[in-house]
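This report concerns only the one structure given below.
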Amino acid sequence: MTRHYFRPIKDETVVSVLHYLRSVVIRDGQSGLEHVDALLRLQGIEPECLPIPDKRPKAFKRGELRALILGLLKGGPQTGRQIAEAVTQSRDNLTFKQSYKRVYLALHVMQKRGMVRRDGGVWRLAP
Numbered sequence: 031m032t033r034h035y036f037r038p039i040k041d042e043t044v045v046s047v048l049h050y051l052r053s054v055v056i057r058d059g060q061s062g063l064e065h066v067d068a069l070l071r072l073q074g075i076e077p078e079c080l081p082i083p084d085k086r087p088k089a090f091k092r093g094e095l096r097a098l099i100l101g102l103l104k105g106g107p108q109t110g111r112q113i114a115e116a117v118t119q120s121r122d123n124l125t126f127k128q129s130y131k132r133v134y135l136a137l138h139v140m141q142k143r144g145m146v147r148r149d150g151g152v153w154r155l156a157p
């Protein structure tokens with residue numbers, strides 16, 4: 031006879047999930063806040079004491095950075111640094127360090143997909 035045992039969920043995990051759920055309900059104006067608060071009180075947590083983190087706006091919409099990079103590379107091969115500088119100039123809310131990281135992540139994903147290639151230190155569109 032096979033018995034199935036379930037690993038108990040830790041209290042910290044339950045509280046963490048409820049905290050996240052509460053912040054989503056408040057931020058998005060969904061119903062059910064009183065139920066989430068009741069579950070938190072059952073865990074011994076006062077819901078009003080929990081901070082609600084702000085939702086950070088995304089710097090780029092889906093596919094927007096990729097399109098920007100492809101547009102820049104249509105003008106000719108460029109280094110990653112040049113691409114990052116152009117991206118920084120196009121966005122007021124990004125520092126060079128932030129754009130540099132995002133550009134290189136996007137370039138490597140695009141390279142795996144066969145969209146761009148790297149020759150030496152320069153990036154160019156794949157044929």
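Each residue of the sequence shown is one higher than the last, beginning at 31 in the working numbering.
We put the beta carbon where it would ideally sit given N, CA and C, even for glycine.
Bear in mind that the values here come from a model prediction, so they are computed numbers and not experimental data.
The three-state reading of DSSP puts residue 43 in helix, counting H, G and I together.
When only Cα atoms are considered, residue 66 and residue 81 end up about 15 Å apart.
Listed as beta-bridge partners of residue 109 by DSSP are 152. When the Cα atoms are used, residue 76 and residue 68 turn out to be separated by approximately 9 Å. According to the DSSP assignment, residue 140 belongs to the alpha helix (DSSP H) that extends over 126-142. Counted as a single uninterrupted DSSP element, the alpha helix (DSSP H) harbouring residue 97 occupies residues 94-104. Ranked by Cα distance from residue 91, the options 157, 51, 60 and 121 are led by 121.
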